[in-house]
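Peer 1:
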Amino acid sequence: MKFKVKKVDRSEGLKEALYIPGIAVGLKHTMRHFFRNIISKKDVVTIQYPEEERPVSRRWRGRHRLTRRDDGFLKCVACYMCETVCPAKCIHIEAGEHPDFSVEKYPVSFDIDELRCVFCGLCVEACPKQAIRMDTGVIGMAYHSRESFNFTRDLLRDAYTPNEKTKYTDADLPKPPDQQSALPNSHGIPAL
Amino acid sequence: MQLVLEFLALSFVQDVLKILFILLLFAMPLGTFMTLMERKWSAAVQDRIGPNRANIGSYRGRGLLHIAADALKSIFKEDLIPRGADKFLYTIAPFFSFMSAVAVFAIIPIAGPIGDFKFQVTDVQPGLLFIFAITSLGVYGAVLAGASSNSKFALFGGTRASAQMISYEVFLGLSLMGLFMVYGSTQVSIIVEGQGEHWFGLIPKWGVFTQPLGFVVFFTALIAETKRAPFDAPEGESEIVAGYFVEYSGMRWSSFMLAEYIAIVGVAALITTLFFGGYQVPWLYHWESAPQWLVTLLQFGKFTSFTFILCWFQIQIRWTVPKFRFDQTMALGWKKLLPVALLNTVVTAIIIVALA
Chain A
50 MKFKVKKVDR SEGLKEALYI PGIAVGLKHT MRHFFRNIIS KKDVVTIQYP EEERPVSRRW
110 RGRHRLTRRD DGFLKCVACY MCETVCPAKC IHIEAGEHPD FSVEKYPVSF DIDELRCVFC
170 GLCVEACPKQ AIRMDTGVIG MAYHSRESFN FTRDLLRDAY TPNEKTKYTD ADLPKPPDQQ
230 SALPNSHGIP AL
Chain B
350 MQLVLEFLAL SFVQDVLKIL FILLLFAMPL GTFMTLMERK WSAAVQDRIG PNRANIGSYR
410 GRGLLHIAAD ALKSIFKEDL IPRGADKFLY TIAPFFSFMS AVAVFAIIPI AGPIGDFKFQ
470 VTDVQPGLLF IFAITSLGVY GAVLAGASSN SKFALFGGTR ASAQMISYEV FLGLSLMGLF
530 MVYGSTQVSI IVEGQGEHWF GLIPKWGVFT QPLGFVVFFT ALIAETKRAP FDAPEGESEI
590 VAGYFVEYSG MRWSSFMLAE YIAIVGVAAL ITTLFFGGYQ VPWLYHWESA PQWLVTLLQF
650 GKFTSFTFIL CWFQIQIRWT VPKFRFDQTM ALGWKKLLPV ALLNTVVTAI IIVALA
């Protein structure tokens with residue numbers, strides 16, 4: 050068997066043997082970085098995490114959110130598609146009948162156990178109404194108790210932004226009789 | 350009042366005050382500062398920010414509190430002595446390292462003399478021979494730590510340290526032979542005074558101009574003596590973890606580290622003294638009417654700033670040059686530095702005789 054030998058060009062001679070020219074070239078590079086970073090922090094690549102966050106792509110799968118219709122009500126029609134497709138079985142939906150016939154069904158409770166969630170995004174793809182999305186960009190979910198990771202419907206839903214088409218407010222979202230109150234979490238994240 | 354002045358006039362009291370001043374207000378703070386600056390400056394070289402998280406409340410002080418945090422941590426850390434270690438030798442090893450690092454400052458003048466009063470702890474007549482003796486004692490720190498730790502890594506580190514330090518002492522001494530010939534003495538005060546002269550009233554007669562080769566060899570040998578990169582094979586982070594002090598923890602480990610950083614300051618101070626004119630401010634002789642206090646202040650400022658710059662330069666070298674393999678360290682010493690140092694000695698001698 051024939052081996053291929055790659056000849057590395059090693060320059061020899063007095064210049065290499067003296068070391069000092071080589072060290073001077075190295076010092077030129079390190080000193081350039083040193084003085085640039087001492088004078089201005091332009092080249093510094095560090096992201097100081099808790100204060101700064103790395104920008105994430107818009108397609109990055111973060112914490113879920115429940116979107117709203119133009120009239121202020123949740124888009125979700127409680128079809129159980131996401132609950133069925135979920136490989137981690139972390140979504141739990143209970144459907145209820147809405148007084149408005151055009152709305153028909155709505156989620157009485159919509160719980161996601163974010164500790165079980167594998168962030169695969171299948172629920173988003175399965176949803177026929179684009180009611181559930183994972184584009185909040187929330188990277189770090191770190192709480193002190195397991196219960197804090199259990200996100201209920203009222204924690205997941207989008208912020209209420211009234212416009213001219215809005216008919217419903219958050220107070221109109223019918224609460225189920227046995228709905229547990231939104232569980233507190235350590236960061237006191239308000240209902241979205 | 351009279352009593353206080355008489356007390357201060359005692360040479361013993363003056364010596365103690367000088368020791369306290371040079372150690373507690375110069376060497377130790379600068380050495381401690383270097384522990385942080387090494388991390389900050391290496392971060393700057395590598396496009397990072399460096400330590401800045403230690404805080405009191407919301408006050409961070411640009412990372413300065415890390416010095417206090419490090420000290421507190423190592424004080425409260427458990428002080429382990431490994432099973433099978435020689436307790437006595439294991440305990441005294443850090444003292445040797447620390448002592449040899451600190452003792453260098455005994456003969457370094459930090460400002461010019463005022464009358465009989467010298468800003469120098471002791472101006473011993475052998476001068477630099479004292480430095481050689483002290484740096485040889487520093488070998489014991491590494492060797493005893495390596496031998497007494499009952500660890501193979503430490504033993505390797507100690508062996509390497511002893512071979513390297515004893516070899517490089519040869520070039521340390523030889524590289525200064527030319528300097529001794531040029532200034533005609535081994536006494537530090539005479540060498541520094543000699544560097545106060547100027548050629549044609551323009552170029553200061555510093556050691557770095559009279560002995561450029563000697564400067565390079567001496568600097569290299571001193572970096573090898575402090576066991577820092579590129580000569581850190583005795584510590585050998587990538588092969589033998591931390592070398593001779595791998596088993597140490599807590600304050601004992603800290604004293605090894607602090608000794609290393611005080612040695613950096615010591616090296617910088619020594620090179621300033623021998624090759625950059627010490628406290629001699631160049632071209633100051635033009636200003637004859639300068640008040641004494643201002644001259645002393647300028648001299649101290651010049652000495653301190655040169656020491657600081659040389660400290661920085663050593664750290665910059667560490668983060669620039671890759672580590673030598675151990676045989677390369679030896680080859681560089683015996684095959685390159687030794688002939689260069691000898692050549693420097695011979696050439697200097699010929700020139701001095703020719704000029705005389």
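First to last, the protein sequences are chains A and B.
First residue of the first sequence: 50, per the working numbering; consecutive thereafter.
First residue of the second sequence: 350, per the working numbering; consecutive thereafter.
Ideal Cβ placement from N, Cα and C applies to all residues, glycine included.
Are the stretch 470-483 of chain B and the stretch 628-647 of chain B touching, with three or more C-beta to C-beta distances below 8 Å?
Peer 2: As far as the Cβ criterion goes, the stretch 470-483 of chain B does not touch the stretch 628-647 of chain B, which means the pair count is below three.
Peer 1: By the three-class DSSP mapping on this structure, what secondary structure does residue 555(B) have?
Peer 2: Coil.
Peer 1: Going by C-alpha to C-alpha distance, which of 584(B), 650(B) and 634(B) sits closest to residue 606(B)?
Peer 2: That would be 584(B), whose Cα lies nearest to the Cα of residue 606(B).
Peer 1: Distance, Cα to Cα, residue 416(B) vs residue 184(A)?
Peer 2: Cα to Cα, residue 416(B) sits roughly 43 Å from residue 184(A).
Peer 1: Just verifying my parser: in three-state terms, what is the DSSP assignment at residue 355(B)?
Peer 2: Of the three classes helix, strand and coil, the one that applies to residue 355(B) here is helix, per DSSP.
Peer 1: By a C-beta neighbour count over all protein chains shown, 10 Å radius and 16 as the cutoff for buried, is residue 367(B) buried or exposed?
Peer 2: Its Cβ being crowded by 16 or more others within 10 Å, residue 367(B) is buried.
Peer 1: Apart from the five residues just before and just after residue 231(A), which ones in its own chain have a Cβ nearer than 8 Å to its Cβ?
Peer 2: Unreliable positioning characterises residue 231(A) in this predicted model, as indicated by a pLDDT of 43, which lies under 50. The coordinate reading is nonetheless provided below. These residues qualify, in order along the chain: 201, 203, 204 and 240.
Peer 1: Verify the CB distance criterion: does residue 393(B) have a CB-CB separation below 9 Å to chain A?
Peer 2: Chain A, which has a Cβ nearer than 9 Å to the Cβ of residue 393(B), makes this yes.
Peer 1: Let me see if you follow: with CB-CB separation under 9 Å, is residue 140(A) close to chain B or not?
Peer 2: No, no contact with chain B.
Peer 1: Is there at least one Cβ from chain A nearer than 9 Å to residue 669(B)'s Cβ?
Peer 2: Taking Cβ atoms only, chain A reaches closer than 9 Å to residue 669(B), which makes this a yes.
Peer 1: Alpha carbon to alpha carbon, what distance is there between residue 433(B) and residue 404(B)?
Peer 2: Distance between the alpha carbons of residue 404(B) and residue 433(B): 40 Å.
Peer 1: Can you name, in chain order, every residue of its own chain whose Cβ lies under 6 Å from the Cβ of residue 582(B), other than the five neighbours on each side?
Peer 2: Within the same chain, residue 582(B) has close Cβ partners 509, 675 and 678.
Peer 1: By alpha-carbon positions, which one of 354(B), 377(B) and 369(B) ends up nearest to residue 608(B)?
Peer 2: Closest by alpha carbon: 377(B).
Peer 1: For residue 537(B), does the count of other Cβ atoms within 10 angstroms reach 16, so buried, or fall short, so exposed?
Peer 2: Answer is buried; the Cβ neighbour count reaches 16.
Peer 1: Could you name each continuous beta strand (DSSP E) segment of 3 residues or more that falls completely within the stretch 461-529 of chain B, going from the start of the chain to the end?
Peer 2: DSSP runs (the beta strand (DSSP E)) wholly in the stretch 461-529 of chain B: 466-468.
Peer 1: Just checking: is the beta-carbon of residue 82(A) within a distance shorter than 9 Å of some beta-carbon in chain B?
Peer 2: Closer than 9 Å to some Cβ of chain B, the Cβ of residue 82(A) qualifies, so yes.
Peer 1: Just to confirm the assignment, what range does the beta strand (DSSP E) spanning residue 437(B) have?
Peer 2: Element bounds for residue 437(B): not the beta strand (DSSP E) but the alpha helix (DSSP H), 436-452.
Peer 1: Would you call the stretch 642-656 of chain B and the stretch 50-60 of chain A touching, i.e. three or more CB-CB distances under 8 Å?
Peer 2: Taking 8 Å as the limit for Cβ pairs, the verdict is that the stretch 50-60 of chain A does not touch the stretch 642-656 of chain B.
Peer 1: Note down the Cα distance separating residue 431(B) from residue 498(B), rounded to an integer number of angstroms.
Peer 2: Cα to Cα, residue 431(B) sits roughly 7 Å from residue 498(B).
Peer 1: Round the Cβ separation of residue 578(B) and residue 672(B) to the nearest angstrom and send it over; I've been treating them as touching at under 8 Å.
Peer 2: Right, their Cβ atoms sit about 6 Å apart.
Peer 1: How would you write the range of the beta strand (DSSP E) that residue 146(A) sits in, first residue to last?
Peer 2: 140-146 is the extent of the beta strand (DSSP E) around residue 146(A).
Peer 1: What does residue 676(B) touch in chain A if you count any residue whose Cβ is under 7 Å from its own?
Peer 2: In chain order: nothing, as chain A lies at least about 16 Å away.
Peer 1: CB-CB under 8 Å to residue 461(B), same chain, minus the five flanking residues each way: which ones, in chain order?
Peer 2: 468, 628, 629, 644, 645 and 648, listed in sequence order.
Peer 1: Looking at chain B, is there any beta carbon in it that lies within less than 9 Å of the beta carbon of residue 184(A)?
Peer 2: No, residue 184(A) does not count as interfacial toward chain B.
Peer 1: Distance check for residue 158(A) and residue 267(A), CA to CA, integer angstroms please.
Peer 2: Nothing can be reported for residue 267(A), as the shown portion of chain A is limited to 50 through 241.
Peer 1: In its own chain, which residues sit with a C-beta less than 6 Å from the C-beta of residue 164(A), not counting the 5 before and 5 after it?
Peer 2: 198.
Peer 1: Let's see if you can read the secondary structure: which residues bound the alpha helix (DSSP H) around residue 173(A)?
Peer 2: Taken as a continuous stretch (DSSP letters only), the alpha helix (DSSP H) holding residue 173(A) covers 171-175.
Peer 1: Of all the residues that make up the stretch 82-114 of chain A, which are near chain B by a beta-carbon distance shorter than 9 Å?
Peer 2: Taking 9 Å as the Cβ-Cβ cut-off against chain B, the residues of the stretch 82-114 of chain A that qualify are 82, 83, 84, 85, 86, 87, 90, 92, 93, 94, 95 and 97.
Peer 1: Go ahead and pull the three-state DSSP assignment for residue 103(A).
Peer 2: Looking at residue 103(A) - three-state DSSP - the assignment turns out to be coil, as it is neither helix nor strand.
Peer 1: At the level of alpha carbons, what is the spacing between residue 129(A) and residue 110(A)?
Peer 2: When rounded, the distance between both Cα atoms is 21 Å.
Peer 1: Quick one: using the 10 Å Cβ neighbour count with 16 as the cut-off for buried, is residue 86(A) buried or exposed?
Peer 2: Residue 86(A) is buried by the Cβ-count criterion.
Peer 1: Check the C-beta distance from residue 507(B) over to residue 482(B) and give it rounded, since I have them as a contact under 8 Å.
Peer 2: The Cβ separation is near 21 Å, so there is no contact.
Peer 1: Can a CB atom of chain B be found closer than 9 Å to the CB of residue 75(A)?
Peer 2: Yes, residue 75(A) counts as interfacial toward chain B.
Peer 1: For a cutoff of 9 Å on Cβ pairs, would you count residue 66(A) as touching chain B?
Peer 2: Yes, contact with chain B.
Peer 1: Which term fits residue 91(A), buried or exposed, when burial requires 16 or more other beta carbons within 10 angstroms of its beta carbon?
Peer 2: The residue in question, residue 91(A), is exposed, as its Cβ has fewer than 16 Cβ neighbours within 10 Å.
Peer 1: Could you round the C-beta distance between residue 597(B) and residue 494(B) to whole angstroms and report it? I think they count as a contact, below 8 Å.
Peer 2: So it is a contact: roughly 7 Å between Cβ atoms.
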